[in-house]
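A short write-up of the structure that comes next.
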Amino acid sequence: MTHLVFITSVLAGLLFRKIRSCRRKLQLTSSKSNDHLSQERKYSELKLSVSYQASIACCLFILATHVLKIVLFQLKRELSDCKYPNFLLGEGLQVLSWTILSLVVFSFMKMKSAKLPLIIRAWWIFSFMQNVTAMVFDLRSILSGHGNIGLKKCTDLLALVTSTYLFAMSVRGNTGITFLGRSIAEPLLSPTTGQQTETKRQCLYGRASLLDLVTFSWMNPLFAIGYQRPLEENDMPDVHVKDSAEFISDTFEKIITNVERGHGLTTSLVYRAMFLLIRRKAIINAGFAALNATATFVGPSLINDLVKFLGGDRQYGLKRGYLLAAAFLVAKVVETIAQRQWIFGARQLGMQLRAALISHVYEKGLSLSCTSRQKHTSGEIINYMSVDIQRISDVVWYANYIWMLPIRLSLAVYVLHQNLGVAAWASLAATLAIMSCNIPLTRMQKMLQGKIMDAKDNRMKATTEVLRSMKILKLQAWDMKYLAKLESLRSVEYNWLWKSARLSAVTQFIFWASPGFVSSVTFGSCILMGVPLTAGTVLSAFATFQMLQDPIFQLPDLLSVFAQGKVSADRVAKFLCEEELKPDEVTEVQRSDTDYDVEIDHGTFSWELESKAPTLSGIELKVKRGAKIAICGTVGSGKSSLLSCILGEMPKLAGTVRVSGRKAYVPQTAWILSGNIRDNILFGNPYDKYKYEKIIQACALTKDLELFANGDLTEIGERGINMSGGQKQRIQIARSVYEEADMYLFDDPFSAVDAHTGSHLFKVLSYFLINAEPMNA
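For our numbering, count along the sequence shown from 1 and bump the result up by 982.
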């Protein structure tokens, strides 16, 4: 009877999940309908067969029989001979499950499928088997003469008849419902996958209930779509607001600002800001990890009692056996739920910290001062975002093992001491001896990780330099020499990686052999001390050793991850503490308060603050609004540096710089994004056809776009076609003009174009910008 009750409860739980899945499918279908018709109207033309109505009647009859059994059991009339203590629990589960099943069968009229779900067919099959078993015991009781034919046996016979019909229905597999046709208002053709509109989907995680969060059933709608067809980008729901990169980045920015207020930003303060960002979620996650570690040792602590019970020690009767089975079941359920929750929470925390650090490192790279920019190349900054931040997020994942380790060790010693006595301390000593080997290994791992990252930075720096200067290398035939240089840098990095791999192999060998060493020491101590070893104590000890394998196996990975994370965190924190461009380098002036767009008064500027000779000194410049100024000079005379002074990118030693209005800057080297031409020109601004076409004509791009097969939708950049230097230059000029700025700063914009195109750009753009012709007509 116990296994039948267990099967009944499991199938009831699966049936409940099936109902939730069907309900979510119905909601998903109704939300995607174009005319927003209700499901009853959409499928109103259906035919109910006799078999369907009979299945409803059978379900209700079986439900009534179980209710009747409970009533008779309470009245102590017919079923006074029941000896099973779980009778009431089993019948209660039967009433609950058959009630849910009857509601599901009623809801078939609203579902699109005429097939019986697999879980319901399995339920009816197991119900038939259960009724057959009950009828066999009833016949045996009647034939043996120990029982008479009562109401209980009659109800069992009728339940067997009805379950036989339901068994035939499950074998058939059809509900008995026939759909005669579709509603007139329903469209004849369903939209294809390519015609689906991009609609913003709600966040499933954000609107999930507590039960959904515990069981992860908030993912069921996504699984339902993936079961029907392959998932697409539009099928993916939006992330929760608190998990979005924008929200996390703003929160981290506020924390950084509060932390560095009054003290300046240091490496320790960056660590503190990281902790403040994730502390609340981390505390909850630590609670789940501790609960998981505690529930893990419930099984090993009860194995000895279970062995005694199975061996005949039943001084407390069968009640103790049921309690032990329930304890094993509850502990495993709690362990599973806690483990899934803290694993999911750790991944969530890692992604949040990763998003915050990547966005902050990117913003930091845009605002670095010229001195700081010389210390960090673009390759190093890419390493910070791709390698170092990933290792920091891995630390968050392994952080829970820090407080799980002492909890597991304490519980393991307690369980071993309960079964083996003082021999448990020998097991603890062997475990601590193995763990003490981590100190020198960790130091070596940390040293090797620092060497690896330095070698990686040098290789990335050299690779970036080679790719940036590829034309010069080819013209001067220096490619083989630089290839040899790159190979030497790669060999250095390879040597450090090989040493790190050998150290990891030694560490893994020691700790994979540690469980056997601990068990040998423990049982050897038991033999020497005369501690009796029974089947229950040995099995409990082996189960405890099995529980200790996880922290012992994960300890080398934990230490390695922490060593790598410490090095990466120091590098990222040091980068975030670098000096930024000072906001007071350029003073912003309201346009209504001055007639000048640019004013430089006694300006002295220098790229190197420690240099005695400034780059520019005694600069006096005033540019009236609407004026067109050209600055000429020899190579290296400081023309580009003067524009950097106006932009605020060059350190100011003395004087004042005042700028009025929005600026648009076109550098000497074209800067093109990977994407199509239109996106490069719009640069995130809304598309205005009249304005866009007028700028294309002014920048002499009309003929160029006609040569491309896809026009302005042609992909350019790293993944697209190659363009000439003049085309790239004109695209970035068009990008600056589309911004409709108050002033335009052009750094030799005609260097990459021919004389005819340069003359056209000079004349048309000058007239176009000076006359300020409205472009939004």
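Ideal Cβ positions, reconstructed from N, Cα and C, are used throughout, including at glycine.
Source: prediction; values computed, not measured.
Q: Identify, in the order they occur along the chain, each residue of the same chain with its Cβ nearer than 6 Å to the Cβ of V1513, setting aside the five sequence neighbours on each side.
A: L1402, G1403, A1405
Q: Kindly indicate which three-state DSSP category G1585 falls into: helix, strand or coil?
A: strand
Q. Opposite S1642 in the DSSP bridges: which residues?
A. V1571
(Q) Going by DSSP in three states, Q1178 sits in which element: helix, strand or coil? (A) Residue placement at Q1178 cannot be trusted, given a pLDDT of 41 that sits under 50; the coordinates are not used to answer.
(Q) Which residue wins for smallest C-alpha separation from F1732, given the options D1661, T1651, G1657? (A) T1651
Q.
So, under 8 Å CB-CB, D1579 and M1725 are touching, yes? Tell me the CB distance rounded to an integer number of Å.
A. 5 Å
Q) With respect to the beta strand (DSSP E) encompassing E1688, which residues constitute its N-terminal and C-terminal limits? A) Counting along the chain, E1688 falls outside any beta strand (DSSP E), though it belongs to the alpha helix (DSSP H) covering 1684-1689.
Q) Just to confirm, are M1201 and S1037 a CB contact at a threshold of 8 Å? A) no
Q. If we count the other Cβ atoms within 10 Å of its Cβ and call it buried at 16 or more, is L1743 buried or exposed?
A. buried
Q | Cβ separation of K1290 and G1518, assumed to be a contact under 8 Å, to the nearest whole Å | A | 6 Å
Q: Give me the Cα-Cα distance between S1626 and A1190, rounded to the nearest whole angstrom.
A: 52 Å
Q.
Once DSSP output is grouped into helix, strand and coil, what is the label at K1634?
A. strand
**Q.** T1181 burial status per 10 Å Cβ neighbour count (16 or more: buried)
**A.** With a pLDDT of 49 at T1181, under the threshold of 50, the modelled position of this residue cannot be trusted, and the question is left open.
Q. Beta carbon of S1623, beta carbon of L1591: below 8 Å?
A. no
Q: Check whether the segment 1433-1440 touches the segment 1476-1483, taking contact to mean three or more Cβ pairs, one atom from each stretch, closer than 8 Å.
A: yes
Q.
Using only the alpha-carbon positions, how far apart do F1310 and T1197 sit?
A. 20 Å
Q: Out of I1374, Y1147, T1638, point me to the one whose CA is closest to S1033's CA.
A: Y1147
(Q) For R1450, tell me which candidate among C1040, W1653, M1426, E1214 has the shortest Cα-Cα distance. (A) W1653
**Q.** Alpha-carbon to alpha-carbon, L1468 and Q1458
**A.** 17 Å
Q. Looking at the structure shown, is V1513 part of a helix, part of a strand, or coil, going by DSSP?
A. coil
**Q.** Where S952 falls, given that 16 or more other Cβ within 10 Å makes a residue buried
**A.** Nothing in the structure corresponds to residue 952, since the chain is present only between 983 and 1759.
Q. Closest by CA to Q1400, which one among T1413, S1522, A1646?
A. S1522
Q: State the start and end residues of the unbroken beta strand (DSSP E) segment that holds F1279.
A: Neither: F1279 is in no beta strand (DSSP E) and is coded neither H nor E.
**Q.** Residue from Y1396, K1456, Y1464 with nearest C-alpha to A1444
**A.** Y1464
(Q) I need the boundaries of the beta strand (DSSP E) containing S1599, first residue and last residue. (A) 1598-1606
Q) Are V1543 and Y1380 touching if we call contact CB-CB under 8 Å? A) yes
Q. In whole angstroms, what separates the C-alpha of K1301 from that of L1075?
A. 20 Å
Q. Expressed to the nearest angstrom, what Euclidean distance is found between the alpha-carbon atoms of P1173 and D1120?
A. Note that P1173 scores a pLDDT of 41, beneath 50, so its modelled location is shaky; the value from the coordinates is reported in the next line. So the two alpha carbons sit approximately 58 Å from each other.
Q: Could you pull out every residue in the same chain whose Cβ sits closer than 6 Å to the Cβ of W1589, ignoring the five residues on either side in sequence?
A: C1352, T1597
Q) Using the C-alpha atoms, what's the distance from T1638 back to G1361? A) 35 Å
Q. Between which two residues does the beta strand (DSSP E) harbouring M1452 extend?
A. No beta strand (DSSP E) holds M1452; the alpha helix (DSSP H) holding it covers 1452-1458.
(Q) The alpha helix (DSSP H) that contains F1229, what's its start and end? (A) 1227-1242
Q. Going by the beta-carbon positions, is the gap between A1737 and Y1253 smaller than 8 Å?
A. no
Q: Decide if the segment 1485-1498 is in contact with the segment 1415-1425; the criterion is three or more beta carbon pairs, one per stretch, under 8 Å apart.
A: yes
Q) Is the shortest distance between the beta-carbon of Q1711 and the beta-carbons of chain C less than 8 Å? A) The chain inventory of the structure shown lacks chain C, comprising one protein chain alone.
(Q) Need the endpoints of the beta strand (DSSP E) that M1725 sits in, please. (A) 1725-1728
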